[in-house]
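To start, the structure under review is shown below, and the notes come after it.
There are 2 protein chains.
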Amino acid sequence: MNIKKEILTMAEEAKKAAQILATTNTTVKNNALKEIAQGLKDNLSSLLEANAKDVTQAKEKGLSKAMIDRLTLTETRVQGMINNLYEVISLPDPVGNVAKMWQRPNGLKVGKIRIPLGVIAMVYEARPDATIEAAALCLKAGNSVILRGGSEAINSNLCLGKIMREALDKVGLPQKAIQVVSTTNREAVLALLEMEGYIDLIIPRGGEGLIRFVSEHAKIPVLKHYKGVCHVYVDDKADLKKAEEICFNAKVQRPGVCNAMETMLVHEQVAKNFLPSMLKRFKEAGVEIRGCPKTCAIFPEAKPATEEDWPAEYLDLTLAVKVVANINEAMEHIAKYGSNHTEVIVTEDYTRAWQFLERVDASVVLVNASTRFNDGNQLGLGAEIGISTSKLHAYGPMGLEELTTTKFIVFGQGQIRN
Amino acid sequence: MNIKKEILTMAEEAKKAAQILATTNTTVKNNALKEIAQGLKDNLSSLLEANAKDVTQAKEKGLSKAMIDRLTLTETRVQGMINNLYEVISLPDPVGNVAKMWQRPNGLKVGKIRIPLGVIAMVYEARPDATIEAAALCLKAGNSVILRGGSEAINSNLCLGKIMREALDKVGLPQKAIQVVSTTNREAVLALLEMEGYIDLIIPRGGEGLIRFVSEHAKIPVLKHYKGVCHVYVDDKADLKKAEEICFNAKVQRPGVCNAMETMLVHEQVAKNFLPSMLKRFKEAGVEIRGCPKTCAIFPEAKPATEEDWPAEYLDLTLAVKVVANINEAMEHIAKYGSNHTEVIVTEDYTRAWQFLERVDASVVLVNASTRFNDGNQLGLGAEIGISTSKLHAYGPMGLEELTTTKFIVFGQGQIRN
Numbered sequence: 036m037n038i039k040k041e042i043l044t045m046a047e048e049a050k051k052a053a054q055i056l057a058t059t060n061t062t063v064k065n066n067a068l069k070e071i072a073q074g075l076k077d078n079l080s081s082l083l084e085a086n087a088k089d090v091t092q093a094k095e096k097g098l099s100k101a102m103i104d105r106l107t108l109t110e111t112r113v114q115g116m117i118n119n120l121y122e123v124i125s126l127p128d129p130v131g132n133v134a135k136m137w138q139r140p141n142g143l144k145v146g147k148i149r150i151p152l153g154v155i156a157m158v159y160e161a162r163p164d165a166t167i168e169a170a171a172l173c174l175k176a177g178n179s180v181i182l183r184g185g186s187e188a189i190n191s192n193l194c195l196g197k198i199m200r201e202a203l204d205k206v207g208l209p210q211k212a213i214q215v216v217s218t219t220n221r222e223a224v225l226a227l228l229e230m231e232g233y234i235d236l237i238i239p240r241g242g243e244g245l246i247r248f249v250s251e252h253a254k255i256p257v258l259k260h261y262k263g264v265c266h267v268y269v270d271d272k273a274d275l276k277k278a279e280e281i282c283f284n285a286k287v288q289r290p291g292v293c294n295a296m297e298t299m300l301v302h303e304q305v306a307k308n309f310l311p312s313m314l315k316r317f318k319e320a321g322v323e324i325r326g327c328p329k330t331c332a333i334f335p336e337a338k339p340a341t342e343e344d345w346p347a348e349y350l351d352l353t354l355a356v357k358v359v360a361n362i363n364e365a366m367e368h369i370a371k372y373g374s375n376h377t378e379v380i381v382t383e384d385y386t387r388a389w390q391f392l393e394r395v396d397a398s399v400v401l402v403n404a405s406t407r408f409n410d411g412n413q414l415g416l417g418a419e420i421g422i423s424t425s426k427l428h429a430y431g432p433m434g435l436e437e438l439t440t441t442k443f444i445v446f447g448q449g450q451i452r453n
Numbered sequence: 036m037n038i039k040k041e042i043l044t045m046a047e048e049a050k051k052a053a054q055i056l057a058t059t060n061t062t063v064k065n066n067a068l069k070e071i072a073q074g075l076k077d078n079l080s081s082l083l084e085a086n087a088k089d090v091t092q093a094k095e096k097g098l099s100k101a102m103i104d105r106l107t108l109t110e111t112r113v114q115g116m117i118n119n120l121y122e123v124i125s126l127p128d129p130v131g132n133v134a135k136m137w138q139r140p141n142g143l144k145v146g147k148i149r150i151p152l153g154v155i156a157m158v159y160e161a162r163p164d165a166t167i168e169a170a171a172l173c174l175k176a177g178n179s180v181i182l183r184g185g186s187e188a189i190n191s192n193l194c195l196g197k198i199m200r201e202a203l204d205k206v207g208l209p210q211k212a213i214q215v216v217s218t219t220n221r222e223a224v225l226a227l228l229e230m231e232g233y234i235d236l237i238i239p240r241g242g243e244g245l246i247r248f249v250s251e252h253a254k255i256p257v258l259k260h261y262k263g264v265c266h267v268y269v270d271d272k273a274d275l276k277k278a279e280e281i282c283f284n285a286k287v288q289r290p291g292v293c294n295a296m297e298t299m300l301v302h303e304q305v306a307k308n309f310l311p312s313m314l315k316r317f318k319e320a321g322v323e324i325r326g327c328p329k330t331c332a333i334f335p336e337a338k339p340a341t342e343e344d345w346p347a348e349y350l351d352l353t354l355a356v357k358v359v360a361n362i363n364e365a366m367e368h369i370a371k372y373g374s375n376h377t378e379v380i381v382t383e384d385y386t387r388a389w390q391f392l393e394r395v396d397a398s399v400v401l402v403n404a405s406t407r408f409n410d411g412n413q414l415g416l417g418a419e420i421g422i423s424t425s426k427l428h429a430y431g432p433m434g435l436e437e438l439t440t441t442k443f444i445v446f447g448q449g450q451i452r453n
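Residue numbers (this note's numbering), protein chains in the order written: chain F, 36 to 453; chain R, 36 to 453.
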């Protein structure tokens, strides 16, 4: 069977399953998630075996140590997946909520009821725990999901797919509600992107190349972020103790993720006071500093920054530092080089805090807190399926509610229009 | 200047203007709308003159009477445009609303604040009143707009563009907040569709061909509906008096619009009772009936329906009629042939009403009311910019709120992540 036909069949089956999921109540969906957790326990050895095949092949292919680490499953990591499933079980089900209802002058009662999106396709990288996480969130929100993970994890993913199918079957839900694509080339992705009328949403997660490929070819709505070039602006009215802790946390706590700080902007009035001890602390933590001329003048150990540093997402222990004249220059820099992801101001000044909150165009804008809080869990949405930096449908971390939409329901008593 | 460059310049200017509009308060935006209303009054004669040119050319080209009617402006119609502007002025401004705010265990205060989308491009047909309506809604929601109307209305649209620019200027807002594309070929549309990073949303309004063209080529989110194949299902537990009034209104009150009924589904238990008088009334109103075999047996004047009739959007005094065995057959028919637009059940049965409301996948689902209520004004959203039948971002009529999004704002006191 050619790949287009195979994907079309999967999409048709997913759509049928979605119609059933849409009116499946929360208890049944939670039971399915519990069965998946049980399945992971019961099939631990065959899962680890399948994963070992992936890891061996990855080593043969010479993949990086970091990638092999992300790919590798252990008993502890599988327990982590089970814990995540129970976390999703504990989250409230958004489906069926009527957030508001109102009455029209002619007596029509109009409400907006939350419904699943339908069929979601996930296109992602090698991590096998993402397979369970994405499937769990889509299922809980009443959606079918088609999972197309990276080729490196194909044996693990097919095994996880089997565990999930069996779990669905046990609680009487259609097996096609969660499907794993067995073909891992780009053709399979292309075929998914053309399933308008069957797939309602594509969520790509991975490198910028993959995400651009998906965006360019999709005929279906895509929720994504390309990259996180996050700034912390230290105002001259900042509490410099808070500023130091926030900047250090934003850069060093986990430098390889999208909500880590990449550029620090410092008001010139406090640069001499703030930068020497701050940059020394970064240096001691292994952070390479790339500074503007003023930064280098204050802290000669810094490398001079080039124009490439300002839009860079290092995802590493590297930091660009710029001294700015005022909040306006900071906001202009952010508007020019930022990625609409996460932006922070550190200040004790009330008016500037609000200027920054209102004017900076980013999915999450914070005052006096670390960039690292742009995360569904940290902001209180529960588990997240990704972060969106485009404004349609969702802007920022996407939890269960962002995997749903609303339709209008209208209760009449025979009304007609004049 | 070639068209791609021209559109890029417009898009860049629109983005700059959007940054100003995003923090412009409601009073200033309302003042701009009042100045546009005043401008329409003051420039009435030059507007009617420009429009007369369009009408003359349209007649020379041999456009249909209906199209020429939609194109033609009169003093009364301009007054209608002014009234619409005052209606938009009276609507509450969604921007800046914080619908909810909560506190995290670490003391972070997290809110979702409503913000404009940014830059919206409208691609639409000949009606010049749409130019004012779309611009007014986009402006009120804090968005820049690029308007690309049909070639038939170009003289009217350019004149309206000038009036709006002058109005923006009078209140100190950037003229580039509302721009009219002067090139009316498809290349201009194509160029708009590729302005990722500048334009945040495309809204096409017009025939299915135009909308498919936009959807296929857009690299930017599109909100649209292709067509409205709306059904009324008359259950055997219906109050047949209500059913007759609702069906008649849904078909006849304004047959040329997307929320008119195209197919009537009737439970077989009431078909013999309901159809003869109902179809006679339709016949007398000039409606052509295309019936399934059972319908034709009951009402021999009906033409036999073919397979093409079930997915048809007639937009005319033509109606497909099918007798069904029960609510399930009705819902299956709707799932197969419907367009996710507007669906109605007429019943007095509580359980069936809820079954229909929950299971039917359409942007507006009604019990005991006419399909014609799928309209932003009728449902209480105020003026609408269109109806979306895709589920991302908005599903159903789109008012001011649907022209905005939310971002997260976070108030910290020095929090860092562990």
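Just so you know, even glycine gets a beta-carbon here, dropped at the ideal spot from N, CA and C.
Determine the burial state of residue i: buried for a count of at least 16 other Cβ atoms within 10 Å of its Cβ, exposed for fewer.
i	result
F:Val402	buried
R:Ala339	Looking at the sequence shown, residue 339 of chain R is not Ala but Pro. Label assigned to R:Pro339: exposed.
R:Lys147	buried
R:Thr382	buried
F:Pro328	exposed
F:Met299	buried
R:Gly321	exposed
F:Arg289	exposed
R:Asn363	exposed
R:Thr111	exposed
F:Met136	exposed
R:Thr109	exposed
R:Tyr121	exposed
R:Asn190	buried
Do residue i and residue j have their C-beta atoms closer together than 7 Å?
i	j	result
R:Val145	R:Val445	yes
F:Gly417	F:Leu126	yes
R:Asn178	R:Gly184	no
R:Asn412	R:Val399	no
F:Asn65	F:Ile124	yes
F:Glu436	F:Pro129	yes
F:Gly326	F:Glu201	no
F:Leu106	F:Ala188	yes
R:Leu203	R:Ser423	no
R:Thr440	F:Lys426	yes
R:Ile150	R:Cys173	no
F:Lys272	F:Asp384	yes
Where do the N-terminal and C-terminal ends of the alpha helix (DSSP H) with residue i fall, by residue?
i	result
F:Gly417	Element bounds for F:Gly417: n/a, residue is neither H nor E.
F:Ser179	Per DSSP, F:Ser179 belongs to no alpha helix (DSSP H); it is in the beta strand (DSSP E), Ser179 to Arg183.
R:Lys205	Ile189 to Lys205
R:Val292	From DSSP, R:Val292 is part of no alpha helix (DSSP H); its letter is neither H nor E.
R:Val130	Note, R:Val130: premise wrong, no alpha helix (DSSP H); not H, not E.
F:Glu231	Element bounds for F:Glu231: n/a, residue is neither H nor E.
Tell me, which residues are paired with residue i by DSSP?
i	result
R:Ser423	R:Gly431
F:Ser217	Answer by DSSP bridge pairing: none, since F:Ser217 is not bridged.
F:Met157	F:Leu182 and F:Ile238
F:Lys357	F:Leu300
R:Ala404	F:Gln450
R:Phe443	F:Val399 and R:Lys147
At which residues does the beta strand (DSSP E) containing residue i begin and terminate?
i	result
R:Gln138	Val133 to Gln138
F:Val395	Careful: F:Val395 lies outside any beta strand (DSSP E) and carries neither H nor E.
R:Arg9	In this structure chain R extends from 36 to 453, so residue 9 of chain R is not present and cannot be described.
F:Gly146	Lys144 to Pro151
F:Tyr261	First-last for F:Tyr261: undefined, no H or E at that position.
F:Glu110	It is not in any beta strand (DSSP E) - F:Glu110 instead sits in the alpha helix (DSSP H) that spans Glu110 to Ser125.
R:Ile380	Thr377 to Val381
Query raised in the report: What beta strand (DSSP E) runs, 3 residues minimum, are completely inside the region 309 to 347 of chain F?
Result: 323 to 326
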